[in-house]
Structure formats: C-alpha cells, structure tokens
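J.: Encoded as structure tokens, here's the structure I'll be asking about.
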Amino acid sequence: MIKKILVFLFIFSSLNATQYSIEKLKKEENSLAKDYYIYRLLEKNKISKKDAQDLNSHIFRYIGKIKSELEKIIPLKPYINPKYAKCYTYTANTILDANLTCQSVRLNSLVFIASLNSKDRTTLAQTFKNQRPDLTNLLLAFNTSDPMSYMVQKEDINGFFKLYNYSKKYDLDLNTSLVNKLPYHIGFKDFAQNIIIKKENPKFRHSMLEINPENVSEDSAFYLGVNALTYDKTELAYDFFKKAAQSFKSQSNKDNAIFWMWLIKNNEEDLKTLSQSSSLNIYSLYAKELTNTPFPKIESLNPSKKKNNFNMQDPFAWQKINKQIRDANASQLDVLAKEFDTQETLPIYAYILERKNNFKKHYFIMPYYDNIKDYNKTRQALILAIARQESRFIPTAISVSYALGMMQFMPFLANHIGEKELKIPNFDQDFMFKPEIAYYFGNYHLNYLESRLKSPLFVAYAYNGGIGFTNRMLARNDMFKTGKFEPFLSMELVPYQESRIYGKKVLANYIVYRHLLNDSIKISDIFENLIQNKANDLNKS
1 MIKKILVFLF IFSSLNATQY SIEKLKKEEN SLAKDYYIYR LLEKNKISKK DAQDLNSHIF
61 RYIGKIKSEL EKIIPLKPYI NPKYAKCYTY TANTILDANL TCQSVRLNSL VFIASLNSKD
121 RTTLAQTFKN QRPDLTNLLL AFNTSDPMSY MVQKEDINGF FKLYNYSKKY DLDLNTSLVN
181 KLPYHIGFKD FAQNIIIKKE NPKFRHSMLE INPENVSEDS AFYLGVNALT YDKTELAYDF
241 FKKAAQSFKS QSNKDNAIFW MWLIKNNEED LKTLSQSSSL NIYSLYAKEL TNTPFPKIES
301 LNPSKKKNNF NMQDPFAWQK INKQIRDANA SQLDVLAKEF DTQETLPIYA YILERKNNFK
361 KHYFIMPYYD NIKDYNKTRQ ALILAIARQE SRFIPTAISV SYALGMMQFM PFLANHIGEK
421 ELKIPNFDQD FMFKPEIAYY FGNYHLNYLE SRLKSPLFVA YAYNGGIGFT NRMLARNDMF
481 KTGKFEPFLS MELVPYQESR IYGKKVLANY IVYRHLLNDS IKISDIFENL IQNKANDLNK
541 S
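Using my numbering, the letters of the sequence shown map in sequence onto residues 1 to 541.
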C-alpha cells in the first residue's frame, strides 16, 4: 500500500495542467471543453471586461456557472422588445391609461395582476372579455379570495397551470371533468411528476385518481400509476402501467412499466416478456434471474492494435470526434470504428459501436484495468459501473456542470480531496483527465461513501446526488421501509430525478460487471437488503 501511494505521489509531482489563454481558446470550436476553460479563466479573474464583452459568440452553452461568472463582469440587462418598451413604463397605478396592446403585455405577468386593485381588475376584465377571455378569467380570479377555486369552477386549464406555476401552494379537490382535461396541457407531465414524487398537494394528487388511463401515455401514465400505488389503488395502477407500457418508445421504460404490471398481478406472461427483453436493465435482469433465463450476451472487444494517433488526453480532441460520431451515418461509423479499434482508444471504439448497432448490443468494457486490478472484485465492479454510466470511460469527458473525467468529479470535490485530504502539491482539477488518477480518486471517494452506505444502489444515489441528499431520503419514514411493493416503490419516488434514473443504471452495470469478473451476485439479494427499518439504519448490506 505504501509503495502504491509513493507511485501516485510521483505521478502527481510529474503532472502539469494545460494552460489556456483567452486568445488560444477563441481559436477553438465552441464546445463544453471551451466553455469549461473560459469558466476557469473567469473564476480566476483572468478575463478583462474588454475581453468579456466579446465572449458571447464563443460560448457553447450560455447557462449556469459560466453565465453567472460572466454577468459579474458585465451585468445582464433584461431584453425588452423595443416595440413594447414603452409598455413597461405603465405601473399598477397607470395601467388604465395604456392602450390595449400595452395592457395585454403587462397583464401577462401574474405578479402584476396581483398588484392591481380590484376595481381596476374588474375594468380590465370587461375590456378583454371578448378578445382575451383568458386574461378576463385571471383578472376576475384575483378578485376572489381563492383564485385557483375560480379557475377550477371555470375549468380554465391554461389558467390552472399559470396559477400553479405562480404559487405551488394551491391545493384543492378537482372535479372529474376538469382533471381529465389536464393531461392534454403541455405542462401536465411536469406538474404530475412534481407533486407525485415530492408527495405535495395531497388534494391534487388524490384528484388524479379520477383520470381515465386512456387519456394519458408514457411518463404521465407511468407516474399516475405510481400515484395510484401510494393510495393502494392497485387495479387503477395496473391500468396506468399497462398504458405506459403500450405507449413508451424506449424499451427500458417499457420494461419498467411491465415490471409493475407483473408485480401487481403476478401474471407469468408479463414476467416472461420481461425476461426476453433486448434491453439490459435492473428489471429485465431480475426477470431473467427469476425465470432462470441465461444472462444477456455481453459483447467482447479485444483490439489487436495498441494505439493510433488520437490524443486521449486532449479534451478538445474528444469534443470534436464526439460531434463527428454523433453526426455520422452508418458507413461513416464503420470508417470511424476501424480507426479507433485500438487498446488505447477502446472507450471511443465501444462508444462508436453502440451507436453503429443502435444500442442493441451490450458493450461492457474494462479500460485501464491495471489501475484497479488490486482492489477487491466488488469495488472493481462498482468503479466500473459508475465510470460506464458517468462517462463511458472517456478520460476527458466534461459534463454540462463541468464534472470532469471518467469518474466525473465535480471540481469542488476533486480540489477538496486533492488539496485538503490527500495534500497533493500543486494539485489541479484537470488531473482528473488522467485515467489512473480518476480511478484513484473514485476509489478514495467510494471508501468514504461505502463506510456510510453499504448498498451499491444507495452509494450510487450518493455519488450522483450527494451523501446529504441520500441520508435525508433514507431517514424519511416513507422511503425504503417495510411496506407493500417495497423497495421498488421507493425507487420510483427518489426525489431527485437524475439520481433516480442514475441509481437504476449503475445497479444494472454493477450486476453485469460482477458477472464479468466471475463474482456474480443475485440482484434479488440487493433488492432484499434495501429495506431500512430505522431512520439511522443506513448500513444494512
């Protein structure tokens, strides 16, 4: 162990992060890599106000961190269409003096409508009665003590969603007629998922039991099924899941819905269908185990060539080839596959083949394996499972939130571990682009997570959403506790969507890598050990 630490200290001491000036970055194609390095310069105050004024055309994704940093230098002025600029000079006290166009523009804001006195709202409602009945309804709604009740009475669907987005606190029983109109609104899916997952607005949620399954599809149908289960309406839940299974385009989503159909009614045909799925996911793996169906075929890749001339350590090179791969047709993918069929570029080779075969073949590679071969098999499997999901093993992967490298470390965490815990001299977050360092940090962080969370699923939640998020979730009295349909119902109610999906995918990867490492484990055993019977019982394995 001491020898290994000394080797890593030597590796770190010999590393230097690539430095990029703003002039050099401007010559690169717009990409996430370019955004990341511009953000680093902004963060270090190395971009002048003059340079910042010229940056917008060089930014690939003007949102989040880079937007916040840039606006510290050049505060963003809200865009107002010159055609309507004069309209915004009218206040709640002068709105009646405005022309119809300006009144309409100002009344698009519910905050503005709420600021008006009731007499002016009545006057404006009368003005727009014929040409803008939607505005009339909103104006008159705010003249009542309960605007949402007014909208429900009028069965104004657009008004309903506007009011809900204005204040999430509204909650009342909805009649059957209205509730069956809601699914046809573009905002319904997000509305339904939000209140079902967060278990908010209990009257709205209960009212959704009145929705006809024929009026919904895909995600909306699926989460209405989950909602029905929380009220123990299993027959209704089954109908929603059946509609979801029929309408989902993604096979993995179909499998999720079919799994619930089987769990509710124990129909062997559903289980058999699931066991024959072409998609590799936790539900199809579980069905294969229960029916003694052979493990799915995993493609083996053994490139004979050692390397080509592609620079695996250049983030910009990856961004360019990734765009080329995504835009390529079948014959172009064939050419690219031959070019990247080498040991060093194995992650890119597998990435190309996945797309070439329309994701119908399962590639579970183990690149840079020498760096983890001394870990126990369960740790190897977990590292590989996470790296596959995080980055497909691309060493210089950069996410939209600037998570870095194969193990997708957020810069703040990489810097904390590198500088504060491992005390590495001259540490730089770009060291995460080195596979051996990414694996080393991944293993180090998993030591911390697994000391607190023993299930690979819970560790996956924490790796993605944070240990605080995971502990708070497990401490709840309605999550991963003994109960009907557990732990599967809790897995659908993980409050952070990204972690909810991520955990399922990492768990499927984990099962496959345990199998490939000749250390197979039953997925049923993992499911059985997810139940936490006490708030502080987070370590059951």
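Ideal placement from N, C-alpha and C gives every residue a C-beta, glycine not left out.
Q126: which of F112, A114 and Q103 sits nearest, CA to CA?
T.: Q103
J.: With S235 as the anchor, note down where its alpha helix (DSSP H) starts and where it stops.
T.: Rather than Ser, the amino acid found at residue 235 in this sequence is Glu. Segment T234 to S247, the alpha helix (DSSP H) holding E235.
J.: On the DSSP letters alone, give me the boundaries of the alpha helix (DSSP H) that Q389 sits inside.
T.: K377 to S391
J.: From this set, A328, L41 and R472, which residue's C-alpha is nearest Q584's C-alpha?
T.: In the structure as shown, the chain begins at 1 and stops at 541. Residue 584 is therefore absent and cannot be evaluated.
J.: According to DSSP, is Y496 part of a helix, a strand, or is it coil?
T.: coil
J.: Leaving out five residues on either side along the sequence, give the residues of the same chain with a beta carbon under 7 Å from the beta carbon of L172.
T.: M148, S149, V152 and K203
J.: Can you tell me whether DSSP reads F409 as helix, strand or coil?
T.: strand
J.: Output needed for L182: all residues of its chain with C-beta closer than 6 Å, excluding positions within five of it in sequence on either side, in chain order.
T.: F188
J.: Please report the straight-line C-alpha distance between F241 and K26, rounded to a whole angstrom.
T.: 50 Å
J.: Measuring only between beta-carbons, confirm whether M491 sits less than 9 Å from chain D.
T.: Of the chains in the structure shown, none is chain D; there is only one protein chain.
J.: Measure the alpha-carbon distance for T136 versus N158 and round it to whole angstroms.
T.: 12 Å
J.: Select from S217, K323, L353 and M407 the residue whose C-alpha is nearest the C-alpha of E29.
T.: K323
J.: Whole angstroms is fine: what's the gap from S401's alpha carbon to I59's?
T.: 14 Å
J.: Using only the alpha-carbon positions, how far apart do F364 and K243 sit?
T.: If you draw a straight line from the Cα of F364 to the Cα of K243, it is about 32 Å long.
J.: Is the CB-CB distance between L530 and P495 below 9 Å?
T.: no
J.: Can you tell me the Cα-Cα spacing of S451 and F441, whole angstroms?
T.: Each residue's alpha carbon lies about 16 Å from the other.
J.: Taking the DSSP output, what are the residues bridged to I363?
T.: The sequence given here has Tyr at residue 363, not Ile. Its beta-bridge partners are E299.
J.: When the Cα atoms are used, what is the spatial distance from I95 to R392?
T.: If you take the alpha carbons of I95 and R392, they lie about 57 Å apart.
J.: Put L174 into one of helix, strand or coil per three-state DSSP.
T.: coil
J.: Straight-line CA distance for L32 to L236?
T.: 45 Å
J.: What is the DSSP secondary structure of K24, counted as helix, strand or coil?
T.: helix
J.: Taking 8 Å as the cut-off, is the CB of L229 close to at least one heavy atom of the ligand HEM?
T.: By its list of ligands, the structure shown contains no ligand whatsoever, and the ligand HEM lies outside what it can speak to.
J.: Using a threshold of 9 Å, state whether the C-beta atoms of D219 and N253 are closer than that.
T.: yes
J.: Since A287 and L301 should fall inside the 8 Å C-beta cutoff, what is the C-beta to C-beta distance between them, to a whole number of angstroms?
T.: The Cβ separation is near 27 Å, so there is no contact.
J.: Tell me whether K320 sits in a helix, a strand or coil according to DSSP, three-state version.
T.: helix
J.: Could you spell out the range, first to last residue, of the alpha helix (DSSP H) harbouring K50?
T.: K49 to A52
J.: May I ask you to list the residues that DSSP assigns as paired with L404?
T.: DSSP, once it has assigned bridges, lists I398 and F409 as partnering L404.
J.: Apart from the five residues just before and just after K77, which ones in its own chain have a Cβ nearer than 8 Å to its Cβ?
T.: none
J.: By Cβ distance, which residues of its chain are closer than 8 Å to L290, with the 5 residues on each side in sequence left out?
T.: Same-chain partners within the cutoff: L271, S275 and S524.
J.: How do the region 400 to 417 and the region 468 to 479 stand: do at least 3 beta-carbon pairs fall below 8 Å, yes or no?
T.: no
J.: For K306, which residues of its own chain have a beta-carbon under 7 Å away from its beta-carbon, when the five flanking residues on both sides are left out?
T.: T342, Q343 and E344
J.: Are Q246 and S217 close, meaning C-beta to C-beta below 9 Å?
T.: yes
J.: Is the beta carbon of T122 less than 9 Å from the beta carbon of N93?
T.: no
J.: Which complete alpha helix (DSSP H) runs does the region 117 to 166 hold, if anything under 4 residues is left out?
T.: Whole alpha helix (DSSP H) segments, 4+ residues: 118 to 127, 133 to 141, 147 to 154 and 157 to 166.
J.: Would you kindly check if the distance between the Cβ of S399 and the Cβ of Q408 is under 9 Å?
T.: Yes.
J.: Tell me the residue span of the alpha helix (DSSP H) that contains I282.
T.: I282 to L290
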